[in-house]
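These notes are about the structure you will find just below.
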Amino acid sequence: SFHDNALIVVFGASGDLASKKTFPALFGLYRENKLPKVVSIIGFARSDLSHDQFRDKVSKHLKYDKNNDDHIKKLENFLKICTYHRGSYDEAEGFQELEKSIVKFDNDNKLEVSNRLYYLALPPSVFTKVATNLKKYNYPSDSSKGSARLIVEKPFGHDLESSRQLQSELSPLWKEEELFRIDHYLGKEMVKNLLPVRFTNTFLMSCWNNQFIDCIQISFKENFGTEGRGGYFDSIGIIRDVIQNHLLQVLTILLMGKPEDFTNPESIRNEKVNLLKAIRTIDFNDVLIGQYTKSTDGSKPAYIDDETVNADSKANTFAAIALHVDNDTWKNVPIILKAGKALNDSKVEIRIQFKKSVADIYENSSRNELVFRIQPDEAMYLKMNIKLPGVPNKVSVSDLDLTYKDRYSKEFYIPEAYESLIYDALNDDHSNFVRNDELDISWALFTPLLHYLESDKGPSPELYPYGSRGPEGLHEFMKKHGYDYASNE
Ligand code: BG6
2 SFHDNALIVV FGASGDLASK KTFPALFGLY RENKLPKVVS IIGFARSDLS
52 HDQFRDKVSK HLKYDKNNDD HIKKLENFLK ICTYHRGSYD EAEGFQELEK
102 SIVKFDNDNK LEVSNRLYYL ALPPSVFTKV ATNLKKYNYP SDSSKGSARL
152 IVEKPFGHDL ESSRQLQSEL SPLWKEEELF RIDHYLGKEM VKNLLPVRFT
202 NTFLMSCWNN QFIDCIQISF KENFGTEGRG GYFDSIGIIR DVIQNHLLQV
252 LTILLMGKPE DFTNPESIRN EKVNLLKAIR TIDFNDVLIG QYTKSTDGSK
302 PAYIDDETVN ADSKANTFAA IALHVDNDTW KNVPIILKAG KALNDSKVEI
352 RIQFKKSVAD IYENSSRNEL VFRIQPDEAM YLKMNIKLPG VPNKVSVSDL
402 DLTYKDRYSK EFYIPEAYES LIYDALNDDH SNFVRNDELD ISWALFTPLL
452 HYLESDKGPS PELYPYGSRG PEGLHEFMKK HGYDYASNE
């Protein structure tokens with residue numbers, strides 16, 4: 002198994018994702034002694050690089066403590082186990098050559114067949130080619146002795162049809178249990194924390210329903226625009242970029258029913274699918290879209306100032322969508338997914354608003370709100386009404402506050418999302434990866450909306466200045482869908 006040995010190949014090794022996320026995560030695991038003892042990491046890409054040029058490139062983004070001798074040593078050793086392999090994605094030769102390196106690794110380590118983890122940090126246009134070549138040339142000769150796993154990253158298609166197309170190309174080659182579809186939000190510690198918190202705290206379990214909860218908001222904000230990525234982003238938009246995947250996954254984990262068996266990834270994913278199936282078709286009137294313009298002081302560019310973007314682009318850099326889950330537990334609780342680039346802040350959080358108390362004899366009482374801050378600074382806090390000391394009938398809102406980082410970071414290492422997920426994949430744990438049917442439902446949910454927004458009938462996005470809180474209509478939109486600002490501001 003992967004506990005004993007692993008041969009890891011990262012495709013797209015000279016690209017942005019690999020340098021900024023995949024290799025730092027692999028190094029993080031190595032530094033924390035979480036990779037098997039017998040391990041080799043091969044970067045595969047088209048650029049012409051020597052091993053050392055590649056190592057230089059990789060080392061730029063690795064995180065370590067310069068005053069820690071162990072870290073320095075680990076860094077050196079890590080770079081030694083990283084090698085580079087040049088090859089083209091659609092020709093047999095590169096993969097045949099790769100197989101020779103793998104066989105050499107096997108021989109050097111006296112292994113019959115090594116375990117292979119293939120990580121595709123690649124654009125979807127070459128997924129199928131690489132997956133086909135890998136199956137043909139680099140699949141273990143005896144899969145009872147060594148296994149192969151394939152990690153893929155979004156975008157998994159552009160809409161329902163293209164996602165199904167991609168899946169129909171991959172599934173004859175790679176079995177579902179060999180495939181790991183990454184949604185890196187599922188690797189964030191605060192997201193991984195949701196199920197344990199929900200199902201080990203009785204007081205939460207008993208009020209986790211529409212009798213007690215009024216409205217839920219899942220909000221993603223970034224205080225930077227698409228600078229430099231405009232060309233890519235223009236055909237994608239914020240709904241595909243973060244809502245259809247990251248925010249919907251968070252919603253699912255937050256609201257899914259209790260899995261029959263927490264130790265069985267399929268049981269967890271079955272419950273996620275049940276929840277996803279209960280989400281009502283999106284009403285186009287329940288959607289607010291926006292695009293950013295120059296900042297009010299003129300120092301930050303408008304979205305369309307990006308040279309790679311059409312001057313009349315209607316791409317959405319902001320969207321708020323109110324969803325409804327039509328099951329007994331969640332009927333009548335609006336769930337607002339909200340995401341935007343170039344806003345006033347960088348923050349991702351879940352806000353759960355409880356119903357207003359009926360005991361209104363107490364002045365100033367406000368509804369409870371439970372907040373999970375996913376980033377930055379992982380935290381959970383609960384807004385509660387507490388009687389003011391010495392004052393008979395007046396309460397004020399106070400936070401019951403758990404700043405996760407303060408409480409745990411001295412004792413525990415909080416892993417990065419990608420570290421956590423690669424570790425799970427090496428342990429063959431699929432709980433935090435997206436199953437094919439989840440992916441299919443998520444596209445089925447958003448595709449009609451996306452097609453409508455991108456058609457001639459689609460509305461123009463509401464403009465908002467770079468650095469603001471979003472389109473002006475947002476406040477009204479949130480209130481219309483039941484979000485109460487009073488307890489928040
Ligand atoms: C990616 C999106 O999936 O997630 C980016 O393509 C976005 O546009 C990023 O910035 C956000 O991830 P994180 O981990 O920085 O919140």
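Numbering follows the UniProt record's numbering, in which position 215 of the sequence shown is assigned residue number 216; successive positions increment by one, without gaps.
All residues carry an ideal CB built from backbone N, CA and C; glycine is no exception.
Legend entry - Touch test, the region 450-463 against the region 168-188, Cβ-Cβ under 8 angstroms, three pairs minimum: no
Inset, instruction - Give a single yes or no on whether A320 has its beta carbon closer than 8 angstroms to a heavy atom of the ligand BG6. - result: Incorrect: A320 has no Cβ contact closer than 8 angstroms to the ligand BG6.
Inset, instruction - From the DSSP output, read off the bridge partner residues of T84. - result: I43
Inset, instruction - Give me the Cα-Cα distance between I254 and V192, rounded to the nearest whole angstrom. - result: The alpha-carbon separation between I254 and V192 amounts to approximately 8 angstroms.
Inset, instruction - Determine the closest residue to D57 out of E33, Q97, S15 and V39, with distance taken between C-alpha atoms. - result: S15
Inset, instruction - Could you spell out the range, first to last residue, of the beta strand (DSSP E) harbouring L383? - result: Start and end: A380 to K388.
Inset, instruction - From the DSSP output, in three-state form, read off Q166 for me. - result: helix
Legend entry - Beta-carbon proximity list for V54, same chain, < 8 angstroms, skipping 5 on both sides: Before going further, note that residue 54 is Gln rather than Val in the sequence given. Counting only Cβ-Cβ distances below 8 angstroms, and skipping sequence neighbours, we find Y85.
Legend entry - Beta-carbon gap between I353 and I442 smaller than 9 angstroms: no
Inset, instruction - List the DSSP bridge partners of E350. - result: S220 and R374
Legend entry - Under 9 angstroms between C-beta atoms of L401 and M385: yes
Legend entry - beta-carbon V243 near the ligand MN non-hydrogen atom, thresh 8 angstroms: The model on display carries the ligand BG6 but not the ligand MN.
Inset, instruction - Output the boundary residues of the alpha helix (DSSP H) element that contains T129. - result: F128 to Y138
Legend entry - DSSP bridge partner residues for residue 497 (one or two, in chain order): The structure shown has nothing for residue 497, since the chain only spans 2 to 490.
Legend entry - Host beta strand (DSSP E) of E154 (start-end): A149 to E154
Inset, instruction - Specify, as a first and last residue, the run of the beta strand (DSSP E) that D402 falls within. - result: V396 to T404
Inset, instruction - State yes or no: is the C-beta of residue 1 nearer than 8 angstroms to some heavy atom of the ligand BG6? - result: Residue 1 is absent from the model: the chain starts at 2 and stops at 490.
Inset, instruction - Please classify N116: does DSSP put it in a helix, a strand, or coil? - result: coil
Inset, instruction - Go ahead and pull the three-state DSSP assignment for E490. - result: Any reading at E490 must be qualified, since the residue scores a pLDDT of 43, below 50, and its modelled position is unreliable; the value itself is stated next. It is coil, neither helix nor strand.
Legend entry - For F12: DSSP bridge partner residues: The partner list for F12 (beta bridge, DSSP) reads F45 and L121.
Inset, instruction - Mind the definition here: the region 132-146 touches the region 37-45 only if three or more C-beta pairs lie below 8 angstroms; say whether that holds. - result: No, the region 132-146 does not touch the region 37-45.
Inset, instruction - Just grab the DSSP bridge partners of I183 for me. - result: E154
Inset, instruction - Would you grab the beta carbon distance between I283 and L324 for me? Rounded to a whole angstrom, and I think it's under 8 angstroms. - result: 7 angstroms
Legend entry - Alpha-carbon to alpha-carbon, A303 and L422: 35 angstroms
Inset, instruction - Let me know if P266 comes out buried or exposed under the rule of 16 or more other beta-carbons within 10 Å of its beta-carbon. - result: buried
Inset, instruction - Determine which residues share a DSSP beta bridge with K339 and list them. - result: Under DSSP, the beta-bridge partners assigned to K339 are S220 and A321.
Inset, instruction - Report the option in S48, P156, Q376 and T129 whose CA atom is closest to the CA atom of S169. - result: Taking only the C-alpha atoms, the option nearest S169 is T129.
Legend entry - Residues near K105 by beta carbon distance below 8 angstroms, same chain, minus five either side: none
Inset, instruction - Report the residue from L180, F28 and K339 whose alpha carbon sits nearest the alpha carbon of H431. - result: L180
Inset, instruction - State the Cα-Cα distance for the pair D346 and S296, rounded to the nearest angstrom. - result: 14 angstroms
Inset, instruction - Only counting runs of 4 or more residues, tell me where the alpha helix (DSSP H) segments fall wholly within the region 409-486, in order along the chain. - result: 418-427, 437-455 and 475-481
Inset, instruction - Verify the contact flag: K64, CB atom, against every heavy atom of the ligand BG6, threshold strictly below 8 angstroms. - result: no
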